[in-house]
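Numbering (my numbering), first residue to last: 42 to 226. We treat Cβ as the ideally placed atom computed from N, Cα and C, and that holds for glycine. Computed from a predicted model, the values in this text were never measured in an experiment. Data first, discussion second: the structure below is written as structure tokens.
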Amino acid sequence: MTVDRARARAAAAGFDLSCDDEVGALMAALAAGVPRGGRILELGTGVGVGLAWIVAGLEGRSDVEVHSVEVDPRTAAVAATEDWPSSVTVHVADAVEALPRLGSFDLIFADAQGGKTERLDLTISALAPGGHLLVDDMAPKPGNALHESLWPQIEHVRERLLTDPRLRSAELAFASGVILATKRR
42 MTVDRARARA AAAGFDLSCD DEVGALMAAL AAGVPRGGRI LELGTGVGVG LAWIVAGLEG
102 RSDVEVHSVE VDPRTAAVAA TEDWPSSVTV HVADAVEALP RLGSFDLIFA DAQGGKTERL
162 DLTISALAPG GHLLVDDMAP KPGNALHESL WPQIEHVRER LLTDPRLRSA ELAFASGVIL
222 ATKRR
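Now the structure itself:
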């Protein structure tokens, strides 16, 4: 299974920033509902665990374009060792720079600072009407120095997602804290 291979890659690379399995399962369920000819965007490929969940949710479908953006070339190179379906493209780029040129998407998973704590507006603009935005790491993580240092920015993102009039959002209290938003039509 692609997810198992991705988890093994993460362990071998010492990469501990992958999405939780609960978030991955939710992402797979959302990917399964993307319509024929639809488009999915992941911000923050990492070593490919989230991307593997998306591919698992598509269950072999090739009628959906999947784009994943990773800023770190070394991490993206680890993800690129997977034999992804031809409908999957991994972009090595800064998400803030890539978002304006990638078009609109039916499902976006924001798991990187670019497009989440930096320029969330670009991510929301890239979401098609009726599309879903999944954002994780929205709950406090006491003892995690990196997360604690980013908490003011994360709290701002959380507040924006829950109050943006273009979105209908739900805060889900599981895993790392998740907000699922749908762009109003």
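Proximal residues to L161 (C-beta, below 7 Å), its chain only, five neighbours per side dropped: Within the sequence shown, numbered from 1, the residue matching residue 161 stands at position 120. Taken in chain order, the residues that qualify are V198, R201.
Cα-Cα separation between S210 and E196, rounded to whole angstroms: Here residue 210 refers to the residue found at position 169 when the sequence shown is read from its first residue. Here residue 196 refers to the residue found at position 155 when the sequence shown is read from its first residue. Roughly 15 Å separates the two Cα atoms.
Residue of D205, K157, V88, G79 minimising C-alpha distance to W125: The sequence position of residue 125 within the sequence shown is 84, counting from 1. The shortest Cα separation from W125 among D205, K157, V88, G79 belongs to V88.
Exposure of R77, with buried meaning 16 or more beta-carbon neighbours within 10 Å: Residue mapping note: residue 77 aligns to position 36 of the sequence shown, counting from 1. By the Cβ neighbour-count rule, R77 is exposed, with fewer than 16 other Cβ atoms within 10 Å of its own.
Under the three-state DSSP convention, the category L58 falls into: Taking the sequence shown and counting its residues from 1, the one referred to as residue 58 is at position 17. In the structure shown, L58 sits in coil (DSSP, three-state: anything other than H, G, I, E or B).
The alpha helix (DSSP H) enclosing G171, as first and last residue numbers: Residue 171 sits at position 130 when you count from the first residue of the sequence shown. First-last for G171: 168 to 176, but that is the beta strand (DSSP E), not the alpha helix (DSSP H).
Assigned exposure category for E83 - 16 Cβ within 10 Å defines buried: By one-based count along the sequence shown, residue 83 stands at place 42. Looking at its Cβ environment, which holds 16 or more other Cβ atoms inside 10 Å, E83 is buried.
Same chain, Cβ closer than 6 Å to G85, five either side skipped, listed in chain order: Within the sequence shown, residue 85 is the residue found at index 44, counting from 1. Cβ-Cβ distances below 6 Å link G85 to D152, A153 in the same chain, with the five nearest sequence neighbours on each side left out; the list follows chain order.
Extent of the continuous beta strand (DSSP E) to which T130 belongs: Position 89 of the sequence shown, counted from the start, is the residue given in the question as residue 130. T130 -> beta strand (DSSP E) spans 129 to 133.
Coarse secondary structure for T223, derived from DSSP in three states: On the sequence shown, residue 223 is found 182 positions in, with the first residue counted as 1. Correct three-state label for T223: strand.
Length-filtered (3 minimum) beta strand (DSSP E) runs lying within the region 46 to 120: Segments of the beta strand (DSSP E) lying fully in the region 46 to 120: 80 to 84, 106 to 111.
Residue closest to I220, alpha-carbon to alpha-carbon, out of L163, E189, V44, I149: Here residue 220 is taken as the residue at index 179 of the sequence shown, counted from 1. Ranked by how close their Cα comes to the Cα of I220, the residues L163, E189, V44, I149 have I149 in first place.
Beta-ladder partner(s) of S210, from DSSP: The sequence position of residue 210 within the sequence shown is 169, counting from 1. DSSP lists A222 as the bridge partner or partners of S210.
A180 beta carbon near the ligand SAM (any heavy atom closer than 8 Å): Inclusion of the ligand SAM in the displayed structure is not the case, the ligand content being empty and no account of it being possible.
Those runs of the beta strand (DSSP E) which lie wholly inside the region 134 to 160 and span at least 3 residues: Within the region 134 to 160, the complete beta strand (DSSP E) runs of at least 3 residues are 146 to 151.
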